[in-house]
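FYI, the numbering used here numbers position 158 of the sequence shown as 161, with every residue one higher than the one before it. What follows is a set of notes on a single structure, which appears directly below.
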Amino acid sequence: MISLKSNQLKSTQCKNELDEFESLLKNNSEIDETQLLNFFKSRPQLILLMGRVVGIDAPRNYNNELPLIGKFRADFVVANGAMQEFVFIEFEDAKDNSIFTKKINKKTSVHSWAARFEKGYSQVVDWYLHLAANNQTQNMKSEFGHFEIKYKGALIIGRQSSLSRGDCNERFEQRRSKSLIDSKHITCYTFDELYEAMADQYAILESF
Numbered sequence: 004m005i006s007l008k009s010n011q012l013k014s015t016q017c018k019n020e021l022d023e024f025e026s027l028l029k030n031n032s033e034i035d036e037t038q039l040l041n042f043f044k045s046r047p048q049l050i051l052l053m054g055r056v057v058g059i060d061a062p063r064n065y066n067n068e069l070p071l072i073g074k075f076r077a078d079f080v081v082a083n084g085a086m087q088e089f090v091f092i093e094f095e096d097a098k099d100n101s102i103f104t105k106k107i108n109k110k111t112s113v114h115s116w117a118a119r120f121e122k123g124y125s126q127v128v129d130w131y132l133h134l135a136a137n138n139q140t141q142n143m144k145s146e147f148g149h150f151e152i153k154y155k156g157a158l159i160i161g162r163q164s165s166l167s168r169g170d171c172n173e174r175f176e177q178r179r180s181k182s183l184i185d186s187k188h189i190t191c192y193t194f195d196e197l198y199e200a201m202a203d204q205y206a207i208l209e210s211f
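Next up, the structure:
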């Protein structure tokens, strides 16, 4: 069965970790995937808050680098207290060429989708198809404790500044808003967008 740690969002600790994330983004124009993974692994409040951003209203359980029914692996998993709602999150690097290539394709006069984006996006597609194939099976029950779960997948990649070239921002918006896999959207954020969404969620939590 999937192994998750239990925790909850705590105001002071959450704010401290969120401030550290802001500093990381401000002080580094490009950040590699390993650095980002290690940064989040040591900050459980950020993992829980990220889960809330992606789709878990009351995140309580989490872990990193977990297999999904023995075939694929998610960088981060966040679940609610009842272990019936999950988000599976894939990290790629936060670089200027993570989402689109810097050079314009001479044949099409556009910036091509980057290999890192296609790799991460395809990973989430694989999760969706694998989970759908195992829905209502003993494999699902053994892994998650239920024959059926609610779930979303997310790809976090790149920097917001890289989308200012040509029509890159428009195409990024279209891909994440109009593409469906097994009737599900794949949530995509740049790391800058993720920080802003996390800061918004923290402000909401603090208002109660």
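All C-beta atoms in this analysis are idealised placements derived from N, C-alpha and C, irrespective of residue type, glycine included. These figures come from a predicted structure and were not determined experimentally.
1) Roughly how many angstroms lie between the CA atoms of S145 and K153, to the nearest whole one?
2) Taking Cβ positions, are Y131 and D185 nearer each other than 8 Å?
3) So K187 and K155 are supposed to be a Cβ contact under 8 Å. How far apart are they, rounded?
4) Which runs of the alpha helix (DSSP H) at least 4 residues long sit entirely within the stretch 16-47? Give them in chain order.
5) Taking the straight line between their C-alpha atoms, what separation do you get for H149 and H114?
6) Identify which residue in M143, Y192 and N137 has its Cα closest to the Cα of S164.
7) Note the first and the last residue of the continuous alpha helix (DSSP H) segment covering N67.
8) Between the alpha carbons of L208 and F194, how many angstroms are there, rounded?
9) So the beta strand (DSSP E) F211 belongs to, where does it begin and stop?
10) Counting only runs of 3+ residues fully inside the stretch 68-137, write out the beta strand (DSSP E) ranges in chain order.
11) Given 8 Å as the limit, is there contact between the stretch 57-65 and the stretch 22-40, that is, 3 or more CB pairs closer than that?
12) In whole angstroms, what separates the C-alpha of Q38 from that of Q141?
13) F120: which of A135, T190 and V90 sits nearest, CA to CA?
14) By a C-beta neighbour count over all protein chains shown, 10 Å radius and 16 as the cutoff for buried, is K106 buried or exposed?
15) Please report how far the alpha carbon of K3 lies from the alpha carbon of F89, in whole angstroms.
16) Determine which residues share a DSSP beta bridge with L158 and list them.
17) Just tell me which of Q48, T15, L71 and I160 has its CA closest to the CA of I5.
18) Please report the distance separating the alpha-carbon of F91 from that of G169.
19) Find the nearest neighbour of E93 within the set I159, C171, D22 and S210, judged by alpha-carbon distance.
Well, looking at it:
1) Rounded to whole angstroms, the gap between the alpha carbons of S145 and K153 is 16 Å.
2) Note that the C-beta distance between Y131 and D185 is below 8 Å.
3) With a Cβ gap of about 7 Å, K187 and K155 count as contacting.
4) You should have 36-44.
5) Each residue's alpha carbon lies about 43 Å from the other.
6) The shortest C-alpha separation from S164 is found at Y192.
7) Looking at the DSSP string, N67 is not in any alpha helix (DSSP H); the run it does join, the beta strand (DSSP E), is P62 to L71.
8) Answer to the nearest angstrom: the Cα atoms are 21 Å apart.
9) No beta strand (DSSP E) holds F211; DSSP gives it neither H nor E.
10) Counting only runs of 3 or more, we get 75-83, 88-94, 103-107 and 114-116.
11) No: the two stretches stay apart, fewer than three of their Cβ pairs being nearer than 8 Å.
12) Taking the Cα positions, Q38 is about 37 Å away from Q141.
13) From the listed residues A135, T190 and V90, the smallest Cα separation to F120 is found for T190.
14) Exposed.
15) Nothing in the structure corresponds to residue 3, since the chain is present only between 4 and 211.
16) Note: L158 is bridge-paired with E93 and C191 in the DSSP secondary-structure output.
17) Distances from the CA of I5 to each of Q48, T15, L71 and I160 were compared; the closest alpha carbon is that of L71.
18) Cα to Cα, F91 sits roughly 31 Å from G169.
19) For the set I159, C171, D22 and S210, the Cα lying nearest the Cα of E93 is the one of I159.
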